[in-house]
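Here the structure is laid out as structure tokens; the discussion comes afterwards.
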Amino acid sequence: MKILHATDLHYNKSWFKFIKNLESNFDIVCITGDFIDAFDQTGIAPQIAYVSEWLASFNKPVFVCSGNHDVGLAYEQEWLNDIPNIYADNAVKEINGVKFGCAPYLKPDYAKFAQCDVLLSHVPPAYTKASVGYSGDDYGSEKLYNAIGKQVITPKILLCGHIHNPKKYM
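My numbering applies: residue 13 is where the sequence shown begins, and numbers increase by one.
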């Protein structure tokens with residue numbers, strides 16, 4: 013199974029087109045949040061409309077989770093779950109014997125994903141190479157770190173993003 017993973021697209025339309033053009037080379041598409049650019053002058057509603065149409069256009073299974081730019085007081089926080097034909101926040105789906113789970117950015121209940129082989133999470137676990145930014149600050153999730161450490165979840169693959177310039181890549 014070939015998985016295309018992308019993250020932190022921040023309404024960069026050229027990146028959306030690039031990913032769509034790669035679709036035929038992969039079996040599954042996974043995107044770990046931050047579709048929206050909260051600071052873009054376009055505004056949130058047009059961005060949500062564009063991203064929703066783009067995600068609905070895929071012909072392969074698509075798994076997504078929300079990122080910090082995708083949730084906010086100014087717009088509906090559940091918009092990803094309204095898009096047809098994709099698996100979004102809190103979804104768990106098995107494809108060809110591999111169970112995927114999509115952890116939401118806000119208030120994830122990791123116990124829901126206990127049996128998942130592949131877990132999507134916008135934020136990486138704290139105290140890892142992937143969670144430390146170039147500044148040296150750790151932007152990871154302690155809750156996710158603890159869920160893994162206490163074996164609440166035991167994914168074989170953890171797909172995440174959020175850290176645009178990690179100090180080290182894993």
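Idealized CB from N, CA, C, for every residue including glycine. A quick note: this is a predicted structure, and the numbers were derived from the prediction, not measured.
Near histidine 17, which residues of its chain fall below 6 Å by C-beta distance, leaving aside the five closest residues on each side in sequence? Cys42, Leu171
Would you mind stating whether glycine 113 and lysine 124 have Cβ atoms separated by less than 9 Å? yes
Is it buried or exposed, tyrosine 117, if we count other Cβ atoms within 10 angstroms and call 16 or more buried? buried
Am I right that aspartate 20 and aspartate 52 are in contact with their C-beta atoms under 8 Å? What's the rounded C-beta distance? 14 Å between Cβ atoms; not a contact.
By Cβ distance, which residues of its chain are closer than 6 Å to alanine 61, with the 5 residues on each side in sequence left out? none
At what residue ranges does the stretch 24 to 55 contain a whole run of the beta strand (DSSP E), taking only runs of 3 or more? 40 to 43
Just to confirm my understanding: we take alanine 68, look at its own chain, exclude 5 residues before and 5 after, and list those with CB closer than 8 Å. What are they? Ile95, Pro96, Asn97, Ile98
What span of residues does the beta strand (DSSP E) with lysine 105 cover, start to end? 104 to 107
Which class does alanine 159 belong to by DSSP, given the choice of helix, strand or coil? helix
Residue span of the beta strand (DSSP E) that contains alanine 100, given as start and end: Here alanine 100 belongs to no beta strand (DSSP E), and DSSP marks it neither H nor E.
Can you tell me where the beta strand (DSSP E) holding lysine 111 begins and where it ends? 110 to 114
Keeping to the same chain, check which residues put their C-beta closer than 8 Å to that of lysine 111; ignore five residues upstream and five downstream. Val104, Lys105, Gln127, Cys128, Asp129, Val130
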